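**Student:** These protein sequence lines are chains A and B, in that order. Quick note on numbering: the first sequence equals residues 1 to 511 in our numbering. Quick note on numbering: the second sequence equals residues 512 to 1022 in our numbering. Following this message is one structure expressed as structure tokens.
2 protein chains.
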Amino acid sequence: MLSPELEGRLGELTDLSATGALLGWDQQTMMPAGGGEARANVMATLATITHERQIAPALGALLDAAQPDGDLERAIVRVARRDHDKARRVPTELAAEMELAGARAQEPWAHARATNDFAHFRPFLEKNLELRRRYVDCFEGADHPYDTLLDNFEPGTTTARVREVFGRLREGLVPLVAAIAAAPPAPVLPGPFPIAVQQELALELAHAFGFDDASWRMDLAVHPFAQSLSPQDIRVTARYAEDSLQGLFAVMHEVGHGLYEHQVDAGLGRTTLGTGVSLGIHESQSRLWENLVGRSEPFWRHWGPRLRAAFGEAVGELSEGDLLRAINAVTPSLIRVDADEVTYSLHVILRFELEVAMIEGTLPIAELPDAWNAGMKDLLGVEVPDDTHGVLQDIHWAFGELGYFPTYAIGNIAAAQLWEAMRRDIAGLDDQIAAGEYGALSDWLREHVHRHGRTVEPAQLLERATGDGLDPAPLLAQLNAKYRGLYGIRDVEPGSSRRSRPALQVGHMLT
Amino acid sequence: MLSPELEGRLGELTDLSATGALLGWDQQTMMPAGGGEARANVMATLATITHERQIAPALGALLDAAQPDGDLERAIVRVARRDHDKARRVPTELAAEMELAGARAQEPWAHARATNDFAHFRPFLEKNLELRRRYVDCFEGADHPYDTLLDNFEPGTTTARVREVFGRLREGLVPLVAAIAAAPPAPVLPGPFPIAVQQELALELAHAFGFDDASWRMDLAVHPFAQSLSPQDIRVTARYAEDSLQGLFAVMHEVGHGLYEHQVDAGLGRTTLGTGVSLGIHESQSRLWENLVGRSEPFWRHWGPRLRAAFGEAVGELSEGDLLRAINAVTPSLIRVDADEVTYSLHVILRFELEVAMIEGTLPIAELPDAWNAGMKDLLGVEVPDDTHGVLQDIHWAFGELGYFPTYAIGNIAAAQLWEAMRRDIAGLDDQIAAGEYGALSDWLREHVHRHGRTVEPAQLLERATGDGLDPAPLLAQLNAKYRGLYGIRDVEPGSSRRSRPALQVGHMLT
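As structure tokens, this is what we get:
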């Protein structure tokens, strides 16, 4: 049994994490602009206190003395020990400096983006990079310095492994994107889509997926995100534009994140394990709801009529097939967050490669914009007109968050693997989706993914749920099958997958 | 000069206080209901951490070693020393027990109030009282045990002083209330007042007083309140009902609180002195804007036409005089938060007298409801029909907050004193208010009250701003002049004021 003292300390860390979540959520949704300066101080103080409690020798002693009974208690002690050991490696001052520098870079980044002035942001990014290098130096024994950063977002994953998986993914995606680019373009939804109607529809979708008013809320934010304060306090945010339905898909995405946190076992409450196991697995949940459910044919069999009723002429006279093609239009483009299901991972691969080069020291920040533009040309075939639509588009580097981006593509890959497994396990899943019913799907995810929280490692979770390690083959197979069908392409190689098992059920998505 | 270590620790305490403010604000405005359980844990953890940092021996040592230069630094060290010493007197376990007992009493109190069942709440109140007695025992040398509680909300004030001041106030108010009750009643605004229109008008009023979107926000809450996260992050909340304009006055009240925090000197930022000096002085600001500005004749000369335009028939055919009388209707009633400007302080005096008796041990909790009902009859001439509309109405005792209530009436008294001083200093104040201009008023308050934060003691602040100590005479004189006019009463003694200086400018309020 774990001692009340140990449980108390882990509860405290859980509470501090929830406090940080609230400070962040509020900053993005509610805080008046003038509150930013004080908020940066408050967040730095909270980070300092959290770090101090995380590295407290008393916590280490309690973990040393712990005599866990059963799997759950063993998992609690194992993860708490790892968190404690990792945090102890980093001096409190460095942790605080990283937090502060990240907060201080926000305004210069926003200004640089607004004025297409990379030079204005450059010293802040250099500062962030320098601090991340010092952070990496706190850890020994990693095969690659970037491994240390990756581990914060995707525990147990290595740079070598990501490089290999992304290499296969890239190899499969580039020809598919090229083939789609050569095919006749998808039809376009005429629009406009009044925002109030989108908001109403987004809430309907969210409720259908599992959002309930007693435990969730939805607000507007410049960049949509999800935040969990507890399994019963889940906050998603949305952004809408009149000329696009992208905001609806963003809501499905964020609700996918929210459901993961909402369906974690209640028993993990204040153990520090009651949250998603990694950002990659988290992203698999958001992508699964956004793309594999939300952009599927059966889904639109159900929601298509509702969409037409809501927007009338804005949806136009499109047939069901054309509506589906419009929703799944693929266009190599400049902005990651607006990217479609097929090109998205290529945006991520670019960032991964640049981050590794920055950390290795082979890419000076001054050369980052050129490297960005060259990569976009190479991977997606697009010319970047300015840094605002290029290297300055994302907030992550302004926060100093290196190692984060890869998890987006890991999420796409894992989502496809889970989807394949789920389709083996759930009979008639398409029919359920076509009936607007998501109970069995949601239950499967709770059982195989959500409820475990951090009690198992990400790789172990994926292995247990799908029978495999991280593998881009199902994603490539699904994308090829789906988009060959939608774009009438007959001659594309199904990617570089070395995997032989056919993705049997994929065709169903388009039936 | 103060050491960076000391400044850092005071900054941390400021940040923790802002974090607590956000947790509280969010709980009352944004949090989904399901988040309540986790929030209670988070708030308890934050309170524990704050108390630990407040009593840290390292902080004491830094204060011992401090060599302050100039008035500001001396004030910082003086107040920090007092906060530290006060917190150290209280064992962490007792502080935690008080916090927990207060949280645990919330549900029983709400249940007791909903079911008119005082007995259900009684053991929780007894527990709170016992803990407050133990708290009082941690401090030696006070003339009266209640002094220790008062000092938490109104530093430096004593029970004897409050008793004397409240005695004079009571002596003056009771005959005025009786005379008003005997006069023909004020006209009534027909209503209804659509809530969306009220919200629009409330925002207009708030902006006129100094609310700006860069540093403020306004949200709905069940009980209106103001919360400051920093001088540039001020949050007020509002509640509206269709049958009353009370919500508009509540907004003026909360904006008054907010302006105080907004206009504290920026240099006090993270010193722990950058906030209101006491709850009484704080309440003087909210009451000043709500009553002395917001219920005055010149104010409605400006806003009356806007009110008629906004609500049309809901304001009816009332003349300007009748509109003013309707807005200033006085009715002895059961519920403090709904009380008018004249009767309000009597509700507070009752609570003060009962609290002192409880702490002295002369009033057993079992006899509290009877004492309450007798007091209401005595002070306001009303019969209390049940405990829901009597002793159970307020949340304060459920939190164990004894010593808080007196500050409401201290605020009324101080507001009248400041008003008198301000009218001496600002030429043509009425004309400015009648023109919808509040700049000079707001500047005067910044100069004499707001900017000082906690650098001076409440009594000193009042003395410097008004030339006097706390004195109910101006309030009684103003109320008598105003309500004699409004109600056509000619024969009321202007209270028991022993103060001889005539309140010359008071008559202007009605011109």
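C-beta: ideal position from N, C-alpha, C; glycine also. No experiment lies behind these values; they were computed from the predicted model shown.
With distances taken from CA atoms, which of B/Leu684, B/Leu573 and B/Asn663 is nearest B/Pro985?
**Tutor:** Here the closest residue by C-alpha is B/Leu684.
**Student:** Contact criterion: CB-CB distance below 8 angstroms. Does A/Gln232 meet it with respect to chain B?
**Tutor:** At least one chain B Cβ lies under 8 angstroms of A/Gln232.
**Student:** Give me the Cα-Cα distance between A/Gly488 and A/His448, rounded to the nearest whole angstrom.
**Tutor:** Spanning the two alpha carbons is a distance of roughly 35 angstroms.
**Student:** For A/Ser497, would you say it is in contact with chain B, using Cβ-to-Cβ distances shorter than 8 angstroms as the test?
**Tutor:** A caution first: A/Ser497 carries a pLDDT of 41, below 50, which makes its placement in the model too unreliable to give a value.
**Student:** Is B/Met541 close to chain A, meaning its C-beta is less than 8 angstroms from at least one C-beta of that chain?
**Tutor:** Yes, contact with chain A.
**Student:** Determine which residues share a DSSP beta bridge with A/Ile234 and list them.
**Tutor:** In the DSSP output, where bridge partners are listed per residue, A/Ile234 has A/Trp216 and A/Ser228.
**Student:** Should A/Ala503 be labelled buried (16 or more other beta-carbon atoms within 10 Å of its own) or exposed?
**Tutor:** Legend: pLDDT at A/Ala503 = 32, less than 50; position of this residue unreliable, no value from coordinates given.
**Student:** Does A/Gly507 come out as helix, strand or coil in the three-state DSSP assignment?
**Tutor:** Low per-residue confidence applies at A/Gly507: pLDDT is 27, beneath 50, and the placement is therefore not dependable, though the value from the model is reported in the following sentence. The answer is helix: DSSP assigns A/Gly507 an H, G or I state.
**Student:** With DSSP collapsed to three states, give me the class of A/Ser319.
**Tutor:** DSSP places A/Ser319 in coil when its eight states are reduced to three.
**Student:** Starting from A/Pro187 and walking both ways along the alpha helix (DSSP H), at which residues does that stretch end?
**Tutor:** Per DSSP, A/Pro187 belongs to no alpha helix (DSSP H) and is neither H nor E.
**Student:** Does DSSP put B/Ala567 in a helix, in a strand, or in coil?
**Tutor:** Here B/Ala567 sits in coil by DSSP.
**Student:** Spell out the partners DSSP gives B/Ser755 in its beta bridges.
**Tutor:** B/Ser755 pairs with B/Ala752.
**Student:** So what's A/Arg39 in DSSP terms, helix, strand or just coil?
**Tutor:** Of the three classes helix, strand and coil, the one that applies to A/Arg39 here is helix, per DSSP.
**Student:** Using a Cβ distance threshold of 8 angstroms, determine whether the stretch 260-275 of chain A contacts the stretch 68-84 of chain A, with at least three qualifying pairs required.
**Tutor:** Yes: the two stretches touch, three or more of their Cβ pairs being nearer than 8 angstroms.
**Student:** From A/Thr14 to B/Leu740, what does the alpha carbon distance come to, in whole angstroms?
**Tutor:** Cα to Cα, the separation comes out at about 23 angstroms.
**Student:** I'd like to know whether the C-beta atoms of B/Pro666 and B/Glu968 end up nearer to each other than 8 angstroms.
**Tutor:** Contact: yes.
**Student:** Give a yes or no on whether the minimum CB-CB distance between B/Trp727 and chain A is below 8 angstroms.
**Tutor:** Judged by the 8 angstroms Cβ criterion, B/Trp727 is in contact with chain A.
**Student:** Kindly indicate which residue of B/Ala576, B/Gly947, B/Phe720 and B/Gly827 has the alpha-carbon position closest to the one of B/His698.
**Tutor:** A quick correction: the sequence has Pro, not His, at residue 698 of chain B. That would be B/Gly827, whose Cα lies nearest to the Cα of B/Pro698.
**Student:** Could you name the residues of the same chain whose beta carbon sits closer than 8 angstroms to that of B/Glu831, not counting the 5 residues immediately before and after it, in chain order?
**Tutor:** The answer, listed in chain order, is Trp811, Arg812 and Gly815.
**Student:** Measuring CA to CA, which of B/Ser844, B/Gln971 and B/Arg957 is closest to B/Tyr771?
**Tutor:** For B/Tyr771, the nearest C-alpha among the options comes from B/Arg957.
**Student:** Using 8 angstroms as the threshold, is the stretch 31-47 of chain A in touch with the stretch 92-105 of chain A, meaning 3 or more CB pairs across them?
**Tutor:** Touching, per the Cβ criterion.
**Student:** Less than 8 angstroms separating the beta-carbons of B/Val647 and B/Leu660?
**Tutor:** Closer than 8 angstroms, so yes.
**Student:** Do the stretch 784-793 of chain B and the stretch 690-708 of chain B meet, that is, are 3 or more Cβ pairs less than 8 angstroms apart?
**Tutor:** The stretch 784-793 of chain B is not in contact with the stretch 690-708 of chain B.
**Student:** Can you give the Cα-Cα distance for B/Thr559 and A/Ala119, rounded to whole angstroms?
**Tutor:** B/Thr559 and A/Ala119: Cα-Cα distance of roughly 45 angstroms.
**Student:** Got a sec: is the Cβ-Cβ distance from B/Gly522 to anything in chain A below 8 angstroms?
**Tutor:** Chain A contact via Cβ: present.
**Student:** Which stretch, first to last residue, makes up the alpha helix (DSSP H) that contains B/Asn663?
**Tutor:** Run containing B/Asn663: Pro656 to Phe664, per the alpha helix (DSSP H) assignment.
**Student:** In three-state DSSP terms, what is B/Gln578?
**Tutor:** B/Gln578 falls in the coil class under three-state DSSP.
**Student:** Chain A partners of B/Gly964, CB-CB under 9 angstroms?
**Tutor:** Under the 9 angstroms cutoff, chain A gives no residues; its nearest Cβ is about 15 angstroms from B/Gly964.
**Student:** Could you tell me the alpha carbon to alpha carbon distance between B/Gly758 and B/Gln743, rounded to whole angstroms?
**Tutor:** Looking at the two C-alpha atoms, the distance is approximately 24 angstroms.
**Student:** When the Cα of A/Pro91 is compared with those of A/Leu307, A/Cys138, A/Phe311 and A/Ile413, which residue comes out closest?
**Tutor:** The shortest Cα separation from A/Pro91 among A/Leu307, A/Cys138, A/Phe311 and A/Ile413 belongs to A/Cys138.
**Student:** What are the uninterrupted segments assigned as alpha helix (DSSP H) that are 4 or more residues long and contained completely in the stretch 410-495 of chain A, given in chain order?
**Tutor:** Runs of the alpha helix (DSSP H) inside the stretch 410-495 of chain A: 429-434, 439-448, 458-466 and 473-487.
**Student:** Is the CB-CB distance between B/Met541 and A/Arg217 below 8 angstroms?
**Tutor:** Yes; because the gap between Cβ atoms is below 8 angstroms, this pair is in contact.
**Student:** On the criterion of 16 or more Cβ atoms from any shown chain inside 10 Å, does B/Ile860 qualify as buried, or is it exposed?
**Tutor:** Buried.
**Student:** Specify, as a first and last residue, the run of the alpha helix (DSSP H) that A/Arg170 falls within.
**Tutor:** Note, A/Arg170: alpha helix (DSSP H), Thr159 to Ala182.
**Student:** Is it a yes or a no for the stretch 334-346 of chain A touching the stretch 374-386 of chain A, going by three-plus beta-carbon pairs under 8 angstroms?
**Tutor:** Verdict: yes, contact present.
**Student:** For A/Ala112, which residues from the same chain have a beta carbon less than 7 angstroms from its beta carbon, with the 5 sequence-adjacent residues on both sides left out?
**Tutor:** Once the five neighbours on either side are set aside, the close Cβ partners of A/Ala112 are Phe118, His120, Phe121 and Leu392.
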